[in-house]
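S.K.:
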Amino acid sequence: MALISFRKPDILSEMTWRVLGIYLFVSFGSFNFGFDLAWWSSCLGLQQFADDYGVSPGAGQANVIPATWQSAGTGTPNAGMAIGCIVGGYCNTYIGRKMTIVVLSVISIIGVVLQCAVPSYWAVIAGRTINGISMGMEANVIPTYSAELAPAAIRGSLVNFYQWWQIVGNIVSAGCIYGTSRSLSGQWQYKPVMIAQAGVPLILLCGVWFMPESPRWLLMKNRRSDAQTALASIRKGKSSPSEVCLELVLIESALEEQRSLAASTTYLDCFRGANLRRTLIAVLVQVMQQIQGNSFMNNYLVVFLQRIGIENGLQIYLAQNATQLGGVTLSFYFTDKIGRRPLLIVASFFMAVLMWTVAGLGAYTEIRGSNKAQGCVGAILIYQAIAAGCWGSCTWITTSEAAAAVVREKTVMTATFVSFCMVLLVTYINPFVQDPGYGNLGARVGFVYGGCSLLALLWAFFFLPELKGRSLEELDEMFARRIPTRKFGDYVSTSTGADVTKAQNIAAEVEEGTR
């Protein structure tokens, strides 16, 4: 099978203003995720923040945030995210997608209030950890919710809003820190951004009541009438009432097929039979993203640049967020046009080359004030555009669509929990590996992450099937039949799942035929 299959998805013809509005709002919670990462990473390189929350290494020396504090401050909130994945998994299953968003919004507000109200470094960390619980719940519910609402042809594009909003949050937060640090004094160089975090959960808390619940979750709870109302709301303006009824019947039939295979499920069912392969895909795509340097770039880029002699780290951090946004915006089209698998394979190759370039320039040459500094920064910017547009986007898409219907919440919870545990590991270890006085690898840490990109490339090539363009029910059938990885793209399905795919694309086919 060819590496890239240009099978045309009806991206534009499937999109309506209502669908766009639903997804912009549903995925908006990830703005908070990006906002938190960016303000923290930016403040680690801000002297005023160190003056207010750090300690002096010696008499007459300016305050610093020690490596042990950086490690705890960056890593501990990831423990909160891991806990949030577990909490979110149970909430997702028992109270639904909408009410889970309500709960996580309340938790986020509590965390933000604690960060802002108590003038202590460890109170800030405690508040970020509570907010991390909220973000872990977001990582569980938003991709699942998005995948379940989306037509097959544009599922990748719509789930990609989760990553897109995260990068927008990065840019807004880093931009605010950049502005306030130059125009304000004292704690107000960073405190307005800490306070502004409360805006996202407040918006979600007010608006979620107007969103439709997931029809698939409602059917799993035997609420057929509510499921039909929700599906009609989602497909309004694109599908007729009869087409909505047909799609609902087909989804219901496919879910019944899955229920017959597992009348009651536990977390062990994620690792049994065909589900084992699906769970490993969902988990490993998350792990591979993190070991390639994602959490390192998100949390330590400003400090890393300062360590290798590049002074304007905050401006570069803001610039790399802009390149990330460009990459993620392009992925709205390419995830469904080219597919997830080829994007991840090609991206890993270039990410390895670029990370090794940064490591080589930063570790073995005099970089301060030289053209090599510009080359190092250029490699970082290109790396971030590719990483965000490919692994950043496709990871969440793949996680949400790889899971079987009857264990979707459990599989996504397991995958996101492992992901945040991996982030926790990387963020705790990185300062001790990179910083002087400890491992002192400095820029050479890039060789480690570049090697991991080659590992990710091999995994994607041999074990990751192409999942684009098929309904979630059709994917259930294909995994149940154990279709080999490189035959997924060519497989012709004749099951109820294939009928769901056709039903979801009826409106697009009709519209294409009238052009």
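According to full-length UniProt numbering, the sequence shown holds residues 1 to 515 in order. The beta carbon of each residue, even a glycine, is placed where N, CA and C say it ideally should be.
So within the segment 156–201, which uninterrupted alpha helix (DSSP H) runs reach at least 4 residues, ignoring any that extend past its ends?
M.R.: Those alpha helix (DSSP H) runs which fall completely within the segment 156–201 and span 4+ residues are 161–183, 191–196.
S.K.: Mapping DSSP to helix, strand and coil, what is V64?
M.R.: In the structure shown, V64 sits in a strand (DSSP, three-state: E or B).
S.K.: Is V118 helix, strand or coil by DSSP?
M.R.: Of the three classes helix, strand and coil, the one that applies to V118 here is coil, per DSSP.
S.K.: For V492, which of helix, strand or coil comes out of DSSP?
M.R.: The answer is coil: DSSP assigns V492 none of H, G, I, E or B.
S.K.: In the DSSP assignment, find the unbroken alpha helix (DSSP H) run with D269 in it and report its ends.
M.R.: Element bounds for D269: n/a, residue is neither H nor E.
S.K.: Residue range of the alpha helix (DSSP H) that K372 falls in?
M.R.: First-last of the alpha helix (DSSP H) with K372: 371–386.
S.K.: Using only CA atoms, which one of V412, F349, K238, V423 lies nearest to V19?
M.R.: Minimum Cα distance to V19 is reached at K238.
S.K.: By how many angstroms is the C-alpha of P212 removed from the C-alpha of I234?
M.R.: Answer to the nearest angstrom: the Cα atoms are 7 Å apart.
S.K.: If we ignore side chains and look at the alpha-carbon of each, how far apart do P143 and T395 end up?
M.R.: Rounded to whole angstroms, P143 to T395 spans 10 Å at the Cα level.
S.K.: Going along the chain, which residues of its own chain have a beta-carbon closer than 8 Å to the beta-carbon of P322, five neighbours each way excluded?
M.R.: The sequence as given places Ala at residue 322; Pro does not occur at that position. Closer than 8 Å at the Cβ level, and outside the excluded window around A322, lie I171.
S.K.: Please report the residue range of the alpha helix (DSSP H) in which S30 lies.
M.R.: 30–44 is the span of the alpha helix (DSSP H), which, as asked, contains S30.
S.K.: Across the segment 382–397 and the segment 477–492, are there enough close Cβ pairs to call them in contact, namely three or more that are closer than 8 Å?
M.R.: At 8 Å Cβ cutoff, the stretches do not touch.
S.K.: Closest Cβ-Cβ distance between G45 and chain D: below 9 Å?
M.R.: Among the chains in the structure shown there is no chain D, since it carries only a single protein chain.
S.K.: So who's on the other strand from V55, going by DSSP bridges?
M.R.: DSSP lists V64 as partners of V55.
S.K.: By how many angstroms is the C-alpha of G375 removed from the C-alpha of V208?
M.R.: Distance between the alpha carbons of V208 and G375 is about 45 Å.
S.K.: Decide if A138 is buried, meaning its Cβ has at least 16 other Cβ atoms within 10 Å, or exposed.
M.R.: It should be pointed out that residue 138 corresponds to Glu in this sequence rather than to Ala. Classification of E138: buried, given that the 10 Å Cβ count is 16 or more.
S.K.: Rounded to whole angstroms, what is the Cα-Cα separation between P151 and L250?
M.R.: Using only the alpha carbons, I get a separation of about 13 Å.
S.K.: Does the segment 114–121 come close enough to the segment 453–472 that 3 or more CB-CB pairs lie under 8 Å?
M.R.: With a cut-off of 8 Å, the segment 114–121 and the segment 453–472 do not count as touching, because too few Cβ pairs lie within range.
S.K.: Give a yes or no on whether the C-beta atoms belonging to V193 and C206 are separated by under 9 Å.
M.R.: No, Cβ-Cβ distance for V193 and C206 is not below 9 Å.
S.K.: Let's see if you can read the secondary structure: which residues bound the alpha helix (DSSP H) around R18?
M.R.: R18 -> alpha helix (DSSP H) spans 17–26.
S.K.: The ligand MG heavy atoms versus the CB of M478: any closer than 8 Å?
M.R.: Among the components of this structure there are no ligands whatsoever, and the ligand MG is therefore not found.
S.K.: Rounded to whole angstroms, what's the CA-CA distance from I483 to T76? Just pull it up for me.
M.R.: Straight-line Cα distance between these residues: approximately 41 Å.
S.K.: Look up G132 in the DSSP assignment and say whether it is helix, strand or coil.
M.R.: Here G132 sits in helix by DSSP.
S.K.: Label W17 either buried or exposed according to how many other C-beta atoms from any shown protein chain fall within 10 Å of its C-beta, with 16 as the threshold for buried.
M.R.: Answer is exposed; the Cβ neighbour count stays below 16.
S.K.: Check the C-beta distance from I240 over to V423 and give it rounded, since I have them as a contact under 8 Å.
M.R.: First, the amino acid is wrong: residue 240 is Ser here, not Ile. About 45 Å; that fails the 8 Å criterion.
S.K.: What span of residues does the alpha helix (DSSP H) with I397 cover, start to end?
M.R.: It spans 393–402 - the alpha helix (DSSP H) in which I397 sits, taken as one unbroken run.
S.K.: Taking the straight line between their C-alpha atoms, what separation do you get for N312 and R470?
M.R.: Cα to Cα, N312 sits roughly 46 Å from R470.
S.K.: With DSSP collapsed to three states, give me the class of R481.
M.R.: If DSSP states are grouped into helix, strand and coil, R481 belongs with coil.
S.K.: How about G111 and T100: do their beta carbons lie closer than 9 Å?
M.R.: It is not a contact, given that the beta carbons lie outside the stated cut-off.
S.K.: Are the segment 376–387 and the segment 350–359 touching, with three or more C-beta to C-beta distances below 8 Å?
M.R.: Touching, yes, given that three or more Cβ pairs across the two stretches are closer than 8 Å.
S.K.: Does the Cβ-Cβ distance between V445 and N430 come in under 9 Å?
M.R.: Cβ atoms of V445 and N430: closer than 9 Å.
S.K.: Could you tell me the boundaries of the alpha helix (DSSP H) in which I234 lies?
M.R.: Taken as a continuous stretch (DSSP letters only), the alpha helix (DSSP H) holding I234 covers 224–234.
S.K.: Taking G132 as the reference, which of V200, L472, D36, M220 has the closest Cα?
M.R.: The shortest Cα separation from G132 among V200, L472, D36, M220 belongs to D36.
S.K.: Just to confirm, are G73 and Y121 a CB contact at a threshold of 9 Å?
M.R.: Yes, the pair counts as a contact, with Cβ atoms nearer than the cut-off.
S.K.: Taking the alpha helix (DSSP H) that W217 falls in, what are its first and last residues?
M.R.: It spans 215–220 - the alpha helix (DSSP H) in which W217 sits, taken as one unbroken run.
S.K.: Residue range of the alpha helix (DSSP H) that G451 falls in?
M.R.: Run containing G451: 445–463, per the alpha helix (DSSP H) assignment.
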